[in-house]
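Going from the sequence shown to this note's numbering is simple: count from 1 and add 1.
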Amino acid sequence: MTGGPRAALPDSPAQVLADLLEVQRRRFAALDPRLPPAAAPPPGDVLVVGTPPHRAAGVVTHHAWPAGSGPLLWSAAQVTELHPVVGAAGHGPLHALVEAWRGHVLPAVLRDDDSAAVVTWPSRDVVATRVFLDHGLLPLAVLAVRGLAAVRTPAPDRGLVLRRAEPADLDACVRLALEELAYSSQVGGSLVRPDAEAVKRTMLRDRLGRGEPTWLAERDGAVVGMIECGHADAAPGTWLANLLPAGRWGYVNCASVTAAERGSGVGAHLAATAIAALEAGTSGGPVRGTYLYYNPPNPLSSVFWPRAGYAPLWTLWEVRPAGGLR
């Protein structure tokens with residue numbers, strides 16, 4: 002004797018993630034051809050909300066930065082992060098996913114003033130933009146990219162000297178980096194912590210010691226600007242491969258111009274020189290383009306970098322403290 006029809010077994014969370022990821026790859030490709038294929042989220046707490054065809058999922062992770070670490074100059078100490086896998090979901094499932102995320106944040110993190118809730122998502126996905134804004138998240142940073150193209154040459158400035166930084170320039174580099182940090186802390190996610198000078202000094206000493214490309218601008222013998230650069234590979238298995246198409250990329254880590262010289266063209270000269278050098282490639286091979294992070298609320302960088310040819314690819318949505326997540 003055979004039994005009656007059996008109810009279908011619910012899909013496992015892992016299967017739901019896999020199914021939605023395939024659809025999400027098509028979503029990303031349609032949104033922006035510059036995006037790499039949507040990557041599987043890292044290990045963490047899996048969330049599934051809704052039912053087909055209105056289903057969304059995601060993974061929640063938590064990270065704590067130790068005291069004295071470099072990321073604490075631009076990140077909260079406790080970070081809860083949502084990694085959405087939403088397929089083709091619209092507003093409703095996305096709202097439900099963010100609400101479920103808040104329910105999975107550790108109570109200790111929600112009570113911590115030095116905490117943040119963060120989600121990184123393609124900049125052109127305006128459906129998600131509406132949802133994130135509704136839940137109190139702010140677009141504090143974007144990862145912007147520039148394809149290989151002629152560098153815009155600024156008007157000549159005979160009084161300005163550009164050169165590569167050397168270890169002996171450490172003090173000047175630290176001064177400029179701290180000036181930039183103080184400004185950025187007013188208009189973005191940067192934080193001036195008590196040990197900021199010591200952390201910056203260590204980071205810059207290491208950069209200069211490794212010979213990573215750092216350019217200085219001098220006027221009348223005084224250093225008035227700096228731009229830190231480098232190269233990175235978006236190779237399979239690296240964090241960068243989740244954000245950029247595979248290949249070698251140049252990047253701008255930080256640009257600083259002393260207050261008295263802002264608007265004088267120092268930044269444009271530094272950027273033109275650095276970008277041209279980055280796009281020339283290295284012994285590791287040619288580059289696909291260059292990338293950087295800037296803060297949309299920053300009235301200077303949000304204008305300067307788009308003029309230099311950079312367009313947002315990913316937006317980093319954030320609310321601090323994490324308890325502000327609605």
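No residue lacks a Cβ here, since even glycine has one placed at the ideal position from N, Cα and C.
The beta carbons of residue 90 and residue 129 sit no closer together than 7 Å. According to the DSSP assignment, residue 267 belongs to the alpha helix (DSSP H) that extends over 267-280. In its chain, beyond the 5 residues on either side, 188, 189 have a beta carbon closer than 6 Å to the beta carbon of residue 299. Here the stretch 231-249 makes contact with the stretch 269-286; the two share three or more CB pairs at distances below 8 Å. Cβ contact annotation for residue 293 (same chain, cutoff 7 Å, sequence separation greater than five): 145, 252, 253, 306, 311, in chain order. Here the stretch 263-279 makes no contact with the stretch 316-324; the two share fewer than three CB pairs at distances below 8 Å. Boundaries of the beta strand (DSSP E) around residue 116: 116-123. For residue 39, the CB contacts under 7 Å within the same chain, skipping 5 residues up- and downstream, are 22, 25, 26, 29 in chain order. Taken through DSSP and simplified to helix, strand or coil, residue 235 comes out as strand. Annotation for residue 307: the continuous alpha helix (DSSP H) segment containing it runs 302-308.
DSSP lists 61 as the bridge partner or partners of residue 46. With a cutoff of 7 Å on beta-carbon distance, residue 225 and residue 267 are scored as near each other.
Per DSSP, residue 203 has no beta-bridge partner at all. Within the same chain, 69 come within 7 Å of residue 196 by CB-CB distance, once the 5 residues on both sides are set aside. One thing to note: residue 120 has its Cβ no nearer than 7 Å to the Cβ of residue 315.
Counted as a single uninterrupted DSSP element, the stretch harbouring residue 108 is not any beta strand (DSSP E) but the alpha helix (DSSP H) occupying residues 108-112.
Here residue 157 is exposed: its Cβ has fewer than 16 other Cβ atoms, across all protein chains shown, within 10 Å. Apart from the 5 residues on each side of it in sequence, residue 210 sits with its Cβ closer than 7 Å to the Cβ of 168 in its chain, given in chain order.
Within the same chain, 215, 229 come within 7 Å of residue 208 by CB-CB distance, once the 5 residues on both sides are set aside. According to DSSP, residue 255 shares a beta bridge with 229.
Collapsing the DSSP output to three states places residue 223 in a strand. With fewer than 16 other CB atoms across the displayed protein chains lying within 10 angstroms of its CB, residue 153 is exposed.
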